[in-house]
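Just so you know, the protein sequences line up as chains X and U, in that order. The first sequence lines up with residues 2 to 162 when you count with the working numbering. The second sequence lines up with residues 2 to 162 when you count with the working numbering.
2 protein chains.
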Amino acid sequence: MPLSPEKDLDSDPAPATSPTRDLDTSFLESLVGYNARRAVLQIIELFISRMTDHDMRPVQFSVMSLIARNPGITSRQLCDVLGMMSSNLVAMVRSLEKRKLIIRKPHPNDGRATGLHPTRAGTALVHVGEQTISALEIEATSGLTSAERKTLIRLLKKIYL
Amino acid sequence: MPLSPEKDLDSDPAPATSPTRDLDTSFLESLVGYNARRAVLQIIELFISRMTDHDMRPVQFSVMSLIARNPGITSRQLCDVLGMMSSNLVAMVRSLEKRKLIIRKPHPNDGRATGLHPTRAGTALVHVGEQTISALEIEATSGLTSAERKTLIRLLKKIYL
DNA sequence: TATTGTTATACTCTATAACTATA
DNA sequence: TATAGTTATAGAGTATAACAATA
Chain X
2 MPLSPEKDLD SDPAPATSPT RDLDTSFLES LVGYNARRAV LQIIELFISR MTDHDMRPVQ
62 FSVMSLIARN PGITSRQLCD VLGMMSSNLV AMVRSLEKRK LIIRKPHPND GRATGLHPTR
122 AGTALVHVGE QTISALEIEA TSGLTSAERK TLIRLLKKIY L
Chain U
2 MPLSPEKDLD SDPAPATSPT RDLDTSFLES LVGYNARRAV LQIIELFISR MTDHDMRPVQ
62 FSVMSLIARN PGITSRQLCD VLGMMSSNLV AMVRSLEKRK LIIRKPHPND GRATGLHPTR
122 AGTALVHVGE QTISALEIEA TSGLTSAERK TLIRLLKKIY L
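Here it is, written out as structure tokens:
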């Protein structure tokens, strides 16, 4: 079964140029990838506007939340969970350390690894941040019922898990 | 109602460092934004691997598809539909023009605007690309039933529309 | 005055390759 | 050999400010 593109490219197109005519976006809108990306951009926009006070980008906060909830977590573990490359985590960890939100301690069992731990300030920031983000999420999905929101998350997990 | 973070930050954490212990990712996994982003990354990865032959990135292809389906569309209209900033479209349009996938014609009614039109090669590329992407989408969402896939798209639209 | 398109610029994100220290 | 972390680098993606031409 096709993805229901309501219009074929070989059929006669709309008049070439007319400022206010409706655009054919049927193909893009038939894609999970396109719709999910637009939804993410919407949520990220809200995220950034609410977290400017804490100077926290989405990925940065994901890292902080994971460190706060898993003291001693290593860079490798963070990369695995977040789907990041280790080289891209270095600058972020250094930045969080410089801001005194985390501290690094040698890993007790593995001399190659470094355990990442939240400072008191880091824990406090995650505390406040998680509450802000929970509220923001509810707001961003205010068009969904609670059941729909759960369904949405369940279906998304089926794609990437 | 809280977002069901199964663990509070103030409760005793797991042993500080133990290589193979399970990580607490409950907060992130309770977020639509996090799950949607992970799903998007999964689909984009598949997209890029399938479209390398055509040297097409996701946004690039979105632009090409819209131009092919809406000959004469302007940069402004593309920006509105895709949620992009006009300054970021300039280089992409120039690149597509240099690759002879599109041509630019003066807008008939508005001297400020430029109409973007697909070349024969551009139309052909979109034709093949849309089929590739439709197949890729089905593959990426193979864990979902057809009904679930429709539900997923419907719920995502409720967030950003 | 407002809008379209443009240049210049900067920061974030992502990806690769090469290196070190340790396992 | 393999893994954890790092450096350097490059290409996308996204954002702002300022500008010329046109409405």
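Here a beta-carbon is modelled for each residue, glycine too, at the ideal position from N, C-alpha and C. On a predicted model such as this, the values are computed, not experimentally measured, just so you know.
Boundaries (first-last residue) of the alpha helix (DSSP H) holding GLY34/X: 33-52
Terminal residues of the beta strand (DSSP E) in which PRO107/U lies: 103-107
Rounded straight-line distance, which links the Cα of GLU138/X to that of LEU157/X: 15 Å
Residue burial classification, THR146/U (beta-carbon count within 10 angstroms, cutoff 16): exposed
Closest by C-alpha distance to GLY116/U, when choosing among ASP25/U, SER50/U and ILE68/U: ILE68/U
Residue-level contact to chain X via CB, PRO3/U, 8 Å cutoff: Bear in mind that the predicted position of PRO3/U carries a pLDDT of just 36, short of 50, making it too unreliable to give a figure here.
Straight-line gap, ALA122/X to LYS101/X (C-alpha atoms, nearest Å): 7 Å
Neighbourhood of CYS80/X by C-beta distance below 8 Å, restricted to the same chain and skipping five residues each side: MET86, SER87 and LEU90
CB contact flag (ILE104/X, GLY34/U, <8 Å): no
Beta-carbon spacing of ILE134/U, THR142/X below 8 Å: no
CB-CB length for ALA114/U against ARG77/U, believed under 8 Å: 7 Å
8 Å Cβ cutoff, GLU7/X in contact with chain U: The predicted model places GLU7/X with a pLDDT of 38, which falls under 50 and marks its position as unreliable; any figure quoted below should be read in that light. False, the Cβ-Cβ gap to chain U never drops below 8 Å.
Residue-level contact to chain U via CB, GLY144/X, 8 Å cutoff: yes
Exposure of ALA148/X, with buried meaning 16 or more beta-carbon neighbours within 10 Å: exposed
Short CB-CB distance (under 8 Å) between GLY84/X and chain U: yes
Cβ neighbours of THR18/X in the same chain (closer than 6 Å, five flanking residues each side left out): For THR18/X, the predicted structure reports a pLDDT of 36, less than 50, and the residue's modelled location is therefore unreliable. A value from the coordinates is still provided. If we look at THR18/X and ignore the five residues flanking it on each side, it has no Cβ neighbours.
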